[in-house]
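A short worksheet on the structure shown next.
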Amino acid sequence: MPQVIKRNGKKVDFDRNKIIIAIEKAMHSSSGVYVENQALEIAKEIEALANQKELPLSIYDIESEVYYRLIQNDNPATARSYESYKSVQQYKREQNTTDEDILGLLNETNEDLMDENSNKNAIIASTQRDLIAGEVSKDIAKRKMIPADLVEAHESGAIHIHDMDYFIQPIFNCCLVNMKDMLDNGTVVNGKMIETPKSFQVACNVMTQIIAQIASNQYGGQSINISCLGKYLRRSYEKNLNLALDTLGDIELAEKMANRMTKKDLESGIQTIQYQINTLMTSNGQAPFVTLFMWLEDNDPYVDEVAKIIEEILKQRIQGIKNDAGVYVTPAFPKLIYVLDENNINKDSKYYYLTSLAIRCTAKRMYPDYISAKKMRANYEGNVFSPMGCRAFLPPYKDEKGNYKFEGRFNMGACSINLPQIGILAGGDEEKFFEILEKRLDLVKRVGLLRYEHLKKVTSDSSPIHWQHGAIARLGKHESIAPLLLNGYSTVSLGYIGIYEATILTKGVSHTDKKGYAFAMRIMDALNAAVKKWTEEYGIKFTLYATPAESLTQRFANIDKERFGIIENVTDKGYYINSFHVDVREKISAFEKFAFEAKFQDKSTGGCISYVEIPNMGHNLEALETIVRFIYDNIQYAEFNTKSDYCSECGFDGEIKLNEHGDWECPQCHNTDRSTLSVVRRTCGYLGENFWNEGRTKEINARVLHI
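Mapping to full-length UniProt numbering: the sequence shown position 588 is 588, numbers consecutive.
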């Protein structure tokens, strides 16, 4: 019986079955190809080799033989999968694997890490601290928590495990903050009781403190329905009226004075929100990712106060925020969402003046984005609510009293699937595409279950602001959060990228073509069938999510280019197209693009957004108004991309473009210093103001106008 030298130097008897198991595991992995009896034949060949040798083979000898014999037997895909798995296992045995990445961050040579998040300035010490912690956390997650085949699937670009730098922590992705409950019933911040505010300005200040606390205890975005402040604006008015009456004694004069005083309170309160959000630095090394949801509900007793709040938010956003040179520029946060409804969409509607103001704001500052209440009600059982942060939507959920509940719910995390890579491996065979897709969907499911298994052990003590003091729930100390993970209260997301490229590879045309569209819809149906099946099987609500892919757009494309070479309209671009979006280079009108993508939004109910690229529309607001009306009638969630740039060196205010070297360059003074350029672009739902990785920069530069 031949012997084998193990990694620890110990000799054991040769076992052919171990080789068969290892090869078949590689064949059944995300990037392998199963060939019947091939594993057995290779194992026999290696056993024969071992019998011929005078000295025992080592494990490393056997691994090399497996790899080369797979290549010789025309199965390079499995050979690569086997080699990747072997590398991951070796990686898991290493004691130190992060030095190079961290040192690259500190000496500013690790561009991928530095430009991974367009709202993190990787030069700043506090941000570097977060990024360093993230690299260490990622390393531990890969070596100690995530199974080797899932790590291999992530590293090979089959899937992407989002936010792996926070995977080891007892925190979740994004949420809808129950701010109304926290303000109305009080909350606790840093162990200090915060009672219900007595005025609008105090309410605004408390809200920003809550936002900061929440941002430091989760890694995704948060959304707040701004209507929660209506009550407090009225309280300020009543307080001001009583004071004015005591002073003046005349009700008519007192009302005029109270209105003036309340207007000042309103301006100061909104300014507090805007400046606090943009100047706070959370433990994540960035300003809070926060969305303000602006919806006028006719049955809200404070709807008129809410209208005034929305008006002031829009006015201050049009003005902008001063940068360090004292120039008004476009802030990235908070993200603004304006809801189009029957009370503000028609010119004779009561609040149409706010829609006109919103359109003017969009033309100047890109925000607000728009949600059609009409389309949303059709998709979500008659409900209208904010996405969590950028685009993640919750499914309808009813509490024990049978009432719909959205605020105080959250998303556990996301994992995305690389559709173009499946298209490459399928080689134009549609049925093979769906065979590989099914195999890879199982990987995504397992990542989602890992998230759940990790979070179900968490107690409310891990983040009191979330679990004990109202942002999500009001649990007792030491109480488990596990019940909030089941039965649809929270979600796990299946993300996807590259419908366009997958369609090109399989059908030879874009998904905007009739033949390509049918294939793309088949993909959407397969993804939806998967999340439905998993939800029924595990009691965890899986949802389908159109991945933002801020840095993933480049990561997947680069991996596939390295593995499969340059493929026209696929890996040659340096980026993949987000989710179901139309190719950014395709010439299509704004109306056609929104109408086409609306069909995919209806199937991507766990998260989606669509955009059109527009020129400066400041002098053509009527055209923008026409498109906004089209949004209301045709698509649930839409946004406009324009340019909002400034050069501090020469004072240029206009569009800053990429030069031939791929650097942003002022067209007036030719300045290329990032630190003195303000370039704001739509990254993937949020605005980005700290530049992007090379792939996303190429994608932004390739975008054509839709007007």
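A virtual CB, placed ideally from N, CA and C, is assigned to each residue, including glycine. Remember, it's a predicted structure, so these values are computed and weren't measured experimentally.
Entirely enclosed alpha helix (DSSP H) segments - the segment 589–637, minimum 4 residues: 590–601 and 621–634
Shorter than 8 Å from the beta carbon of V12 to some beta carbon of chain C? Note that chain C does not occur in the displayed structure, where there is just one protein chain.
When burial is assigned at 16 or more other CB atoms within 10 Å of the CB, is H21 buried or exposed? For the purposes of this step, residue 21 is identified with residue 21 of the sequence shown, where counting begins at 1. Here residue 21 is Ile; the residue named in the question, His, does not match the sequence. The residue in question, I21, is exposed, as its Cβ has fewer than 16 Cβ neighbours within 10 Å.
Within 8 Å, strictly: CB atoms of D300 and N343: Locating residue 300 in the sequence shown gives position 300, counting from the first residue. Locating residue 343 in the sequence shown gives position 343, counting from the first residue. No, Cβ-Cβ distance for D300 and N343 is not below 8 Å.
Determine the closest residue to K308 out of N259, H661 and Q319, with distance taken between C-alpha atoms. Against the sequence shown, residue 308 aligns to sequence position 308. Ranking N259, H661 and Q319 by Cα distance to K308 puts N259 first.
Since T543 is in the alpha helix (DSSP H), which residue starts that stretch and which ends it? Your numbering for residue 543 matches position 543 in the sequence shown. From DSSP, T543 is part of no alpha helix (DSSP H) but of the beta strand (DSSP E) over K541 to A546.
Buried or exposed for Y404, going by 16 or more other Cβ atoms inside 10 Å? As a first step, residue 404 must be located in the sequence shown, where it is residue number 404. Its Cβ having fewer than 16 others within 10 Å, Y404 is exposed.
May I have the straight-line CA-CA distance separating D633 from C390, to the nearest angstrom? Residue numbering aside, residue 633 sits at position 633 when the sequence shown is read from its first letter. Residue numbering aside, residue 390 sits at position 390 when the sequence shown is read from its first letter. Spanning the two alpha carbons is a distance of roughly 22 Å.
Coil, strand or helix - L494 by DSSP: Numbered from 1 along the sequence shown, position 494 holds the residue referred to as residue 494. L494: strand per DSSP, three-state reduction.
On a CA-only basis, which of S678, N701 and T543 is nearest P331? Give me that one, please. Numbered from its first residue, the sequence shown carries residue 331 at position 331. The shortest Cα separation from P331 among S678, N701 and T543 belongs to S678.
Residue environment, I656, which counts as buried when at least 16 other CB atoms sit within 10 Å: As a working note, residue 656 is residue 656 in the sequence shown. Under this definition I656 is a buried residue.
Taking 8 Å as the threshold (C-beta atoms), are V582 and E597 in contact? As a working note, residue 597 is residue 597 in the sequence shown. As a working note, residue 582 is residue 582 in the sequence shown. Yes; because the gap between Cβ atoms is below 8 Å, this pair is in contact.
Give me the Cα-Cα distance between S386 and M27, rounded to the nearest whole angstrom. For the purposes of this step, residue 386 is identified with residue 386 of the sequence shown, where counting begins at 1. For the purposes of this step, residue 27 is identified with residue 27 of the sequence shown, where counting begins at 1. If I take the Cα positions, the gap works out to 43 Å.
For C228 and M294, which I take to be in contact (beta-carbon distance under 8 Å), what is that distance rounded to the nearest angstrom? Start at 1 with the first residue of the sequence shown, and residue 228 comes out as number 228. Start at 1 with the first residue of the sequence shown, and residue 294 comes out as number 294. That belief does not hold up - the Cβ atoms of C228 and M294 are roughly 12 Å apart, past 8 Å.
If C204 and G269 are in contact, beta carbons under 8 Å, what's the gap, nearest whole angstrom? Here residue 204 corresponds to residue number 204 of the sequence shown, with the count starting at 1. Here residue 269 corresponds to residue number 269 of the sequence shown, with the count starting at 1. Yes, C204 and G269 are in contact; Cβ-Cβ is about 4 Å, under 8 Å.
Nearest to S493 by alpha carbon, out of M388, G423 and K507? Position 493 of the sequence shown, counted from the start, is the residue given in the question as residue 493. Measuring from the Cα of S493, the nearest candidate turns out to be M388.
Can you give me the start and stop residues for the beta strand (DSSP E) that G413 sits inside? Within the sequence shown, residue 413 is the residue found at index 413, counting from 1. Per DSSP, G413 belongs to the beta strand (DSSP E) from R409 to N418.
Have a look at E54 and Y68 and give me their C-alpha separation to the nearest angstrom. On the sequence shown, residue 54 is found 54 positions in, with the first residue counted as 1. On the sequence shown, residue 68 is found 68 positions in, with the first residue counted as 1. Between E54 and Y68, the C-alpha separation is close to 22 Å.
Runs of 3 residues minimum, wholly inside the segment 216–292: which ones carry the beta strand (DSSP E) assignment? 222–225
Does the beta-carbon of N173 have 16 or more other beta-carbons within 10 angstroms, so that it is buried, or is it exposed? The residue labelled residue 173 in the question sits at position 173 within the sequence shown. Under this definition N173 is a buried residue.
Taking 8 Å as the cut-off, decide whether the C-beta atoms of R522 and I159 are in contact. Here residue 522 is taken as the residue at index 522 of the sequence shown, counted from 1. Here residue 159 is taken as the residue at index 159 of the sequence shown, counted from 1. No, the Cβ-Cβ distance between R522 and I159 is not below 8 Å.
Whole-angstrom distance between E267 and N323, CA atom to CA atom: Residue mapping note: residue 323 aligns to position 323 of the sequence shown, counting from 1. Residue mapping note: residue 267 aligns to position 267 of the sequence shown, counting from 1. Roughly 20 Å between the two C-alpha positions.
Quick one: measure Cβ to Cβ for Y576 and F556, integer angstroms, because I've assumed they're closer than 8 Å. Locating residue 576 in the sequence shown gives position 576, where the first residue counts as 1. Locating residue 556 in the sequence shown gives position 556, where the first residue counts as 1. Between F556 and Y576 the Cβ distance is about 5 Å, and since that is below 8 Å, they are a contact.
Under the three-state reduction of DSSP, which class applies to H154: helix, strand or coil? For the purposes of this step, residue 154 is identified with residue 154 of the sequence shown, where counting begins at 1. H154 falls in the helix class under three-state DSSP.
Which residue wins for smallest C-alpha separation from S551, given the options A141, R80 and G157? Here residue 551 corresponds to residue number 551 of the sequence shown, with the count starting at 1. The option with the nearest alpha carbon to S551 is G157.
Give the list of continuous alpha helix (DSSP H) stretches no shorter than 4 residues that lie fully inside the segment 453–540. 464–467, 499–507 and 514–538
C174 - containing alpha helix (DSSP H), residue span: On the sequence shown, residue 174 is found 174 positions in, with the first residue counted as 1. Per DSSP, C174 belongs to no alpha helix (DSSP H); it is in the beta strand (DSSP E), C174 to L176.
Let's test the definition: count the other Cβ atoms within 10 Å of the Cβ of I566 and tell me whether it reaches 16, buried, or not, exposed. Sequence index remark: in the sequence shown, residue 566 carries index 566 (1-based). Flag for I566 reads exposed.
Beta-carbon proximity of Y489 to Y353, cut-off 8 Å: For the purposes of this step, residue 489 is taken as the residue at position 489 of the sequence shown. For the purposes of this step, residue 353 is taken as the residue at position 353 of the sequence shown. The answer is no: Cβ separation not under 8 Å.
Helix, strand or coil for V582, going by three-state DSSP, please let me know. Position 582 of the sequence shown, counting from 1, holds the residue named residue 582. V582: coil per DSSP, three-state reduction.
According to DSSP, which residues form a beta bridge with D13? As a position in the sequence shown, residue 13 is number 13, starting the count at 1. Q3, per the DSSP bridge assignment.
When burial is assigned at 16 or more other CB atoms within 10 Å of the CB, is L57 buried or exposed? Here residue 57 corresponds to residue number 57 of the sequence shown, with the count starting at 1. It is buried - the Cβ of L57 has at least 16 other Cβ atoms within 10 Å.
Can you list, in chain order, the residues of its chain with a C-beta nearer than 7 Å to that of S462? Leave out the 5 residues immediately preceding and following it. For the purposes of this step, residue 462 is taken as the residue at position 462 of the sequence shown. Excluding sequence neighbours, S462 sits near P170.
Since H160 sits in a beta bridge, which residues does DSSP pair it with? Position 160 of the sequence shown holds residue 160. Paired residues: S416.
Residue span of the beta strand (DSSP E) that contains S372, given as start and end: Here residue 372 is taken as the residue at index 372 of the sequence shown, counted from 1. It spans D369 to S372 - the beta strand (DSSP E) in which S372 sits, taken as one unbroken run.
Using the Cα positions of Y545 and A526, report the straight-line distance between them to the nearest angstrom. Locating residue 545 in the sequence shown gives position 545, counting from the first residue. Locating residue 526 in the sequence shown gives position 526, counting from the first residue. Y545 and A526: Cα-Cα distance of roughly 13 Å.
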